[in-house]
Every structure is written in structure tokens, then in C-alpha cells.
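Oh and the sequence shown: position 87 is 92 in the working numbering, straight run, nothing missing.
Working notes for the structure below.
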Amino acid sequence: MAYETLLVERRGPVGWLVFDRPDAGNAMDATMFRELEAAWRELDDDPAVRVIVNTGNGRAFQTGVDVVQLGRDKQALREQSRRTRDAELRLTAWHNQVWKPVIAAVNGVCAGGGLHFVADADIVLASSNASFVDPHVSLGQVSAYETIGLVRKSPMEPIVRMALTGRYERITAARAYQLGIVSQVVDPPGRLREEAQALAEKIARNSPAAMAATKRALWGALEAGLSEACLAGGQHLAGMWGHPDQAEGPLAFAERRDAAWQQT
């Protein structure tokens, strides 16, 4: 499928979903909102893709809703407004129930709605010049979905501070690492994609079925109490019993070779 606002690529077992509106800070216009759902589905449905990396072209990673378009044509984002109101978003891998591992490679500023893609990624890498800012309240808007997601994965107070200071304060990549928002800061920044590809290839060597079940169990734990999460996790674990990968894994280890995992 051809896209106007995104680049969708494959590099070995790694699929890349790249925001491609650099002149607009990769802000999401009506076209990108439509294309995101299709792009996630395309990569998730491709059996050759085992891990997905999400990044941006240009100086910004993602800067949220295109307020220029919103100001000029309020009807253009009417469908997105309805989905926001009804909690039916289809922007991120989590929104679209993508169970392949997803790495966000934050290459510059990540603002407002761009934080969706950080909160909903499995692993986040950031270039050393990346920054995180939530300008919602500075525009008279409510900070909700993005920061709600982030407070489930990192300490609450710094996220509240970011939400309430709005555009007047940013979290640096180094600070985001301290807070656990990102797991790796890449310096120099130009090595970000190389590092993301290397990490994705490392992850891609594992059983796709086992990784999908693990991801379901861990993300499910964010939405449940401890007892419920452990019960659900046990069901995902037992669901792999008898799967060919559980026999192939130990055999490949004993034979000192890469495993030939079953395609999902």
C-alpha cells in the first residue's frame, strides 16, 4: 500500500513505521490518522516481520494533532474527535492490538499526542537530543490518554508535572531515562536507527508465538489487579504448552544453532 504521510519499510525481520511529515513536525493530519491504522495492520499481518520500529523523519519524532489543519478546517478531524471521545483510538500498536514487539525510536521532540506512541510502545529508545513535552493545557486542552498511559509505566509526579507545566518545560532524554520512560539513550543521535535495528534483530531471534503471549500477559497486567494479572498470565503461559516452539527452543540451544521458529 502507498502512503502519503508514512513510510513503511522492511529491513530483514524488522518492519519500520516512519512518520513522514518532517516539514510539519510529523504532526498527525486527517490523512495520517487514516493511514496509521492501515500501516500497523500491514506490518502486523506480514509473517516476515517479527519486530516493528516506529520513528520519525526530520528533527521531530511526533508532535501530535496538526493544529494548523484543525484551525483551518475543524471538520477534517471530526472522525478523530469522535474516536477520542468514545475511546476508540487507532493510532498506536496498542490501540490496534498489535502483539508483535514494538520499539519507539524517539529521534527528536515528542509533543502532545506524540506521547501516545511512547506510552504504548513496548521498548523506547531516544536520541540524546530528544525531548518530551505535553502542551495540552497551554492550548486550553486536557491532557488525558497520553499521560494516563505514561503514569502506568513510570513515576506519577514527573508526568503530572509535565502535564501541568505544558509547553513551558520539557523532559530531556537523560531525564526520561532516569524516570524509566526510555530504556536507552543513544549518542550521537545519528546512531539511533542503527541501535534500534540492532535491538530489533536481537529480539527477532526469539519465538514469535512466545513473545506475543508474553506481551499479552504483561500489558494485561497493567489493566488488572495482581491476582487477576497472574491468573491471566498463567493462562497465556499454559497456552504455549504443546506449541512446536517449546520443543524447538531447547533443541536449538542444545545443538548451538538459531531456532527455526514457527511462523505466526
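We put the CB at the ideal spot given by N, CA and C, even for glycine.
Separation of the CB atoms of Leu197 and Ser132 is rounded to 4 Å, and the pair is thereby assigned contact status at 8 Å. Counting only runs of 3+ residues, the beta strand (DSSP E) found wholly inside the stretch 46-113 occupies 56-61, 65-67 and 107-111, in chain order. Excluding five sequence positions before and after Lys158, the CB atoms of its chain that fall closer than 8 Å to its own CB belong to Ala124, Gly185, Ile186 and Leu227, given in chain order.
Cα atoms of Gly17 and Glu253: separation of roughly 22 Å, rounded to the nearest angstrom.
Partner residues in a beta bridge of Gly30, as assigned by DSSP, do not exist. Residue pairing by DSSP places Phe24 opposite Leu11 and Gly61 in a beta bridge.
Shown here, Thr152 sits in a helix according to DSSP, grouped into three states.
For Arg172, the CB contacts under 7 Å within the same chain, skipping 5 residues up- and downstream, are Val138, Pro140 and Ser143 in chain order. Spatial neighbours of Glu14 in its own chain (CB-CB distance under 8 Å, excluding positions within 5 residues in sequence) are listed in chain order as Gly20, Trp21 and Val23. Distances from the CA of Gln268 to each of Gly61, Asn101 and Ala53 were compared; the closest alpha carbon is that of Ala53. Between the stretch 147-155 and the stretch 206-218 there are fewer than three inter-stretch CB-CB distances shorter than 8 Å, so the stretches are not counted as touching. Cβ contact annotation for Ser188 (same chain, cutoff 8 Å, sequence separation greater than five): Ile128, Val129, Leu130 and Tyr182, in chain order.
Residue pairing of Ala116 in beta bridges, as defined by DSSP: Val138. If you look at Val187, you'll find it isn't in any beta strand (DSSP E); DSSP assigns it neither H nor E. Excluding five sequence positions before and after Leu169, the CB atoms of its chain that fall closer than 7 Å to its own CB belong to Val142, given in chain order. Taking a C-beta distance under 8 Å as the contact criterion, Val114 and Phe66 qualify as a contact pair. By the Cβ neighbour-count rule, Ser148 is buried, with 16 or more other Cβ atoms within 10 Å of its own. In terms of Cβ geometry, Ala179 and Val190 form a close pair [threshold 8 Å]. Linking Ala98 to Ala126 through their CA atoms gives a straight-line distance of about 7 Å. Beta-bridge analysis with DSSP links Ile164 to no other residue. The continuous stretches of beta strand (DSSP E) do not include Leu144, and DSSP gives it neither H nor E.
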